[in-house]
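A.B. asks: Numbering that gives the first Met the number 0 numbers the first residue of the sequence shown as 0 and each following residue consecutively.
Glycine residues also receive a C-beta, built at the ideal position from the N, C-alpha and C atoms.
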Amino acid sequence: MRNICVVGTGYVGLVTGACFADLGNRVTCLDINQEKIDRLNQGIMPIYEPGLEELVERNVKAGRLVFTTEHAVALEDAAFVFICVGTPSGVDGEADLRYVREVAESIADIVNHPIVIINKSTVPVGTGDWVADVIRKRRGDNDLQFWVVSNPEFLREGAAISDFMSPDRVVLGSLDQEAANKVAQLYLSLRCPIVVTDLRTAEMIKYASNAFLATRISFINEIANICEELGADVREVATGMGYDKRIGRAFLDAGLGWGGSCFPKDVKALAHMAVLHGTHPQLLQAVMDINRNQRRRVVMKLRRALDTLDDKVIGILGLSFKPNTDDIREAPALEIIHLLQNEGAAVRAYDPAAMEVASAELRNVTLCEDPYQVAEGADALLLATEWNEFKHLDFERIHQVMRRPIIMDGRNLWNREWLTFLGFTYFGVGQGIYVNE
Ligand SMILES: NC(=O)c1ccc[n+]([C@@H]2O[C@H](COP(=O)([O-])OP(=O)(O)OC[C@H]3O[C@@H](n4cnc5c(N)ncnc54)[C@H](O)[C@@H]3O)[C@@H](O)[C@H]2O)c1
Numbered sequence: 000m001r002n003i004c005v006v007g008t009g010y011v012g013l014v015t016g017a018c019f020a021d022l023g024n025r026v027t028c029l030d031i032n033q034e035k036i037d038r039l040n041q042g043i044m045p046i047y048e049p050g051l052e053e054l055v056e057r058n059v060k061a062g063r064l065v066f067t068t069e070h071a072v073a074l075e076d077a078a079f080v081f082i083c084v085g086t087p088s089g090v091d092g093e094a095d096l097r098y099v100r101e102v103a104e105s106i107a108d109i110v111n112h113p114i115v116i117i118n119k120s121t122v123p124v125g126t127g128d129w130v131a132d133v134i135r136k137r138r139g140d141n142d143l144q145f146w147v148v149s150n151p152e153f154l155r156e157g158a159a160i161s162d163f164m165s166p167d168r169v170v171l172g173s174l175d176q177e178a179a180n181k182v183a184q185l186y187l188s189l190r191c192p193i194v195v196t197d198l199r200t201a202e203m204i205k206y207a208s209n210a211f212l213a214t215r216i217s218f219i220n221e222i223a224n225i226c227e228e229l230g231a232d233v234r235e236v237a238t239g240m241g242y243d244k245r246i247g248r249a250f251l252d253a254g255l256g257w258g259g260s261c262f263p264k265d266v267k268a269l270a271h272m273a274v275l276h277g278t279h280p281q282l283l284q285a286v287m288d289i290n291r292n293q294r295r296r297v298v299m300k301l302r303r304a305l306d307t308l309d310d311k312v313i314g315i316l317g318l319s320f321k322p323n324t325d326d327i328r329e330a331p332a333l334e335i336i337h338l339l340q341n342e343g344a345a346v347r348a349y350d351p352a353a354m355e356v357a358s359a360e361l362r363n364v365t366l367c368e369d370p371y372q373v374a375e376g377a378d379a380l381l382l383a384t385e386w387n388e389f390k391h392l393d394f395e396r397i398h399q400v401m402r403r404p405i406i407m408d409g410r411n412l413w414n415r416e417w418l419t420f421l422g423f424t425y426f427g428v429g430q431g432i433y434v435n436e
């Protein structure tokens with residue numbers, strides 16, 4: 000049984016800690032947020048993630064998983080420490096490394112035994128070397144034996160546990176082959192490809208992967224906008240493209256653009272790194288511009304459909320940045336609500352999981368109990384997040400309660416023929432405009 004300390008008990012840290020415990024390791028999860036740790040110790044999850052509560056409960060019961068705010072307790076006999084703290088955007092789009100620095104300093108202050116430090120947070124290229132420098136400088140001696148390994152995380156919120164347990168690959172970067180091998184041992188039972196490389200390359204693999212996925216989404220959104228002008232259907236374009244093995248179908252769904260805690264800050268941070276080092280990241284800039292415009296475009300479509308947004312009531316279905324999570328960071332719905340309110344619209348909204356977190360962020364939004372309440376008196380209904388529970392709504396009932404039967408399907412989830420048959424005016428993304436005559 001290996002002793003693992005996971006620092007930062009957010010989406011990545013909590014999933015990592017619970018999964019490593021489930022693989023038979025002794026894991027201590029450390030966080031500076033006392034309330035979060037107190038709640039975890041009562042079995043209350045800080046995030047909505049399918050399967051997480053059961054996983055945590057099972058491993059806490061088995062004595063393999065504990066939660067603490069005490070650095071000394073968590074680091075005492077850890078052979079491995081995983082850094083999973085946040086790396087938010089700084090003022091110029093750079094990754095803010097203040098939390099990573101705090102963890103490195105705590106390790107320098109507390110640890111007196113050989114330790115492998117594994118960085119799971121998404122950090123700029125060169126951060127592994129920087130962490131080693133911070134520790135060396137802080138201690139002022141050379142008597143701590145430590146190795147830094149980069150192990151970027153690729154899990155998706157909403158599918159985090161299965162992504163951790165069945166990853167497409169594990170990436171490990173280190174200047175020390177032996178340290179990388181030790182970390183590889185932790186993942187061996189997952190039987191997945193393990194890419195071992197140097198520190199900087201591993202750090203870059205994470206940024207390049209996220210930037211590429213964001214690029215695919217922005218690409219198909221640009222194609223969708225062209226389809227709308229030319230009368231083609233982007234859904235079938237994506238299907239036709241996706242059968243090509245060189246292209247594939249994933250991440251080719253046109254919609255309201257990408258959001259969440261990773262893509263926006265990671266694309267920005269990569270562009271910032273590029274500029275800082277004298278290159279001109281024109282593709283990354285375009286990818287971000289297209290994404291920004293996609294949110295404005297849906298507001299423009301609503302304005303056109305209603306002549307003006309002033310005094311109009313807009314119902315929003317879905318607040319989280321994607322289904323199966325309550326994460327609303329950089330969620331398209333939130334920015335769209337803000338834009339609608341700026342133009343004088345009143346907003347009603349519902350989300351299956353993100354109502355509590357969203358209520359702290361949103362001002363003057365009527366939060367409803369279900370989609371039907373959202374539709375009551377609405378001049379238009381916008382689907383912002385494609386939750387399963389929105390797939391098969393009773394649209395006859397919705398038609399009866401709306402003031403005007405206008406549907407803005409921001410995720411191309413619904414059947415336009417059925418909705419136009421029922422008398423709705425339907426707008427999808429990249430499908431042209433279908434008006435019931
Ligand atoms: N969320 C994702 O889907 C995802 C996926 C892949 C990679 N990542 C990356 O992983 C990192 C963590 O992301 P997250 O979404 O889990 O963040 P998060 O904000 O959900 O959690 C971070 C946690 O770290 C804690 N923390 C901050 N400083 C600390 C310290 N000094 N000691 C102990 N705990 C501390 C915070 O209290 C918080 O609970 C980021 O770099 C992110 O880019 C996230």
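1) With a threshold of 7 Å, establish whether the CB of Asn-437 neighbours any heavy atom of ligand 1.
2) Go through its chain and collect everything with a Cβ distance to Ile-246's Cβ below 6 Å, but skip five positions before and after it.
3) Rounded to the nearest angstrom, what separates Gln-284 and Asp-142 at their Cα positions?
4) From Leu-275, Arg-303, Pro-123, pick the residue whose C-alpha is nearest to that of Ala-94; which is it?
5) Starting from Met-407, trace the beta strand (DSSP E) both ways and give me its first and last residue.
6) Under a CB-based cut-off of 8 Å, is Pro-113 close to chain D?
7) Could you give the residue range of the beta strand (DSSP E) that holds Val-298?
8) I'd like the ranges of any alpha helix (DSSP H) spanning at least 4 consecutive residues and lying wholly in the stretch 128-203.
9) Which value, in whole angstroms, describes the spacing of the CA atoms of Ser-161 and Thr-307?
10) Secondary structure at Thr-419, three-state DSSP: helix, strand or coil?
11) With burial defined as no fewer than 16 other Cβ atoms inside 10 Å of the residue's Cβ, what is the status of Trp-386: buried or exposed?
12) Using a Cβ-Cβ cutoff of less than 6 Å, which residues in the same chain neighbour Ala-253 once the five nearest sequence positions on both sides are dropped?
13) Restricting to Cα atoms, I'd like to know which of Val-65, Phe-389, Thr-86, Lys-264 is closest to Gly-92.
14) Would Gly-409 and Ala-379 qualify as a contact pair, given that the criterion is a beta-carbon distance under 8 Å?
15) Relative to the C-alpha of Leu-22, which candidate in Leu-187, Ala-213, Met-401, Leu-255 has its C-alpha closest?
16) Note down the Cα distance separating Tyr-425 from Thr-419, rounded to an integer number of angstroms.
17) What I want to know is whether the C-beta of Asn-150 ends up closer than 7 Å to one or more non-hydrogen atoms of ligand 1.
18) In the structure shown, what three-state DSSP assignment does Val-312 receive?
19) Just to check my reading of the structure: Pro-331 and Gly-230 have Cβ atoms closer than 8 Å, yes? What is that Cβ distance to the nearest angstrom?
20) Identify whether Ala-353 lies in helix, strand or coil by the three-state DSSP scheme.
21) Can you give me the Cβ contacts of Val-200 inside the same chain, cut-off strictly under 7 Å, excluding the 5 residues immediately before and after it?
22) Going by C-alpha distance, which of Thr-67, Leu-282, Asn-118 is nearest Gly-85?
23) Between Val-110 and the rest of its own chain, which residues show a CB-CB distance below 7 Å, the 5 nearest in sequence each way excluded?
24) Along the chain, which unbroken stretches of the beta strand (DSSP E) at least 3 residues long are found entirely within the stretch 24-93?
25) Please report how far the alpha carbon of Lys-300 lies from the alpha carbon of Asp-132, in whole angstroms.
26) Among the candidates Glu-395, Ala-374, Thr-68, Arg-100, whose CA atom is the shortest distance from the CA of Gly-422?
27) Please state if the CB of Gly-42 and the CB of Glu-53 are separated by a distance shorter than 8 Å.
28) Between the C-alpha atoms of Phe-163 and Val-80, what's the straight-line distance to the nearest angstrom?
29) Is Leu-229 helix, strand or coil by DSSP?
30) Beta carbon of Leu-29, beta carbon of Val-11: below 8 Å?
31) I'd like to confirm the pairing. Which residues does DSSP put opposite Asn-111 in its beta bridges?
32) Expressed to the nearest angstrom, what Euclidean distance is found between the alpha-carbon atoms of Val-434 and Met-354?
33) Can you say whether His-279 is buried or exposed, counting buried as having 16 or more other CB atoms within 10 angstroms of its CB?
34) Which value, in whole angstroms, describes the spacing of the CA atoms of Tyr-206 and His-398?
35) Ligand 1 and Val-86: does the residue's C-beta get closer than 7 Å to at least one heavy atom of that ligand?
36) Compute the beta-carbon to beta-carbon distance between Gly-314 and Ala-273, rounded to the nearest angstrom, for a pair I have assumed lies under 8 Å.
C.D. replies: Looking at the atomic coordinates:
1) Residue 437 lies beyond the range of the chain shown here (0 to 436); nothing can be said about it.
2) Met-240
3) 45 Å
4) Pro-123
5) 405-408
6) Although the question refers to chain D, the structure presented lacks it and comprises just one protein chain.
7) First-last for Val-298: 281-305, but that is the alpha helix (DSSP H), not the beta strand (DSSP E).
8) 159-164, 176-186
9) 45 Å
10) helix
11) buried
12) Ile-219, Asn-220, Ala-223, Val-233, Val-428, Gly-429
13) Lys-264
14) no
15) Leu-187
16) 6 Å
17) no
18) strand
19) So it is not a contact: roughly 25 Å between Cβ atoms.
20) coil
21) Here the sequence assigns Thr to residue 200, which means Val is not the residue at that position. So the qualifying residues of the chain are Gly-172.
22) Asn-118
23) Leu-74, Leu-143
24) 25-29, 64-67, 79-82
25) 52 Å
26) Glu-395
27) no
28) 17 Å
29) helix
30) no
31) Beta-bridge pairing links Asn-111 to no other residue.
32) Confidence at Val-434 is low in this model, with a pLDDT of 47, below 50, so the placement of that residue is unreliable and no value is reported for it.
33) exposed
34) 45 Å
35) The question names Val, yet the displayed sequence has Thr at residue 86. Yes.
36) In fact, because the Cβ distance is near 41 Å, the residues do not count as touching under 8 Å.
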